[in-house]
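Novice:
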Amino acid sequence: MSANMCASCTFFEDHAANTAKTLEGAGLCRFNPPISQPEADARGLWPVVKSEDWCGHFEKEDA
Ligand code: SF4
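Everything in the sequence shown is counted per our numbering, starting at -19 for the first residue and increasing by one.
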């Protein structure tokens, strides 16, 4: 498996900022601003990605 996955990307955040709930093996992608604001008085949510996911914006996390 490639090491260029979300878990080692600088934009991956492994704690919960959307809700108090955490998903095992998943985190938030901070590359883009929050999305999917469902109601005018609701806030947007950070996309949830799995640790082993990847995308073309991958950038290696500083050691
Ligand atoms: S979706 Fe892309 S930019 Fe976001 S954490 Fe994963 S590899 Fe990084």
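The beta-carbon is built from N, C-alpha and C at its ideal position, and this holds for glycine as well.
#1: With DSSP run on the structure shown, which of helix, strand or coil describes Cys35?
#2: Check whether the Cβ atoms of Ser31 and Leu25 lie closer than 7 Å to each other.
#3: Assuming Cys(-14) contacts Val28 under a Cβ cut-off of 8 Å, what Cβ separation, rounded to an integer in Å, is found between them?
#4: When you measure from the CB of His37 to every non-hydrogen atom of the ligand SF4, does any distance come out below 6 Å?
#5: Helix, strand or coil for Ala(-13) per DSSP?
Specialist: The short version:
#1: Here the question's residue 35 lines up with position 55 in the sequence shown. DSSP places Cys35 in coil when its eight states are reduced to three.
#2: Working through the sequence shown from its first residue, we reach residue 31 at position 51. Working through the sequence shown from its first residue, we reach residue 25 at position 45. No, they are not a contact pair.
#3: Residue mapping note: residue -14 aligns to position 6 of the sequence shown, counting from 1. Residue mapping note: residue 28 aligns to position 48 of the sequence shown, counting from 1. Not quite, the Cβ-Cβ distance comes to about 10 Å (not below 8 Å), so this is no contact.
#4: Counted from its first residue, the sequence shown places residue 37 at position 57. Answer for His37: yes, Cβ within range of the ligand SF4.
#5: Position 7 of the sequence shown holds residue -13. Of the three classes helix, strand and coil, the one that applies to Ala(-13) here is helix, per DSSP.
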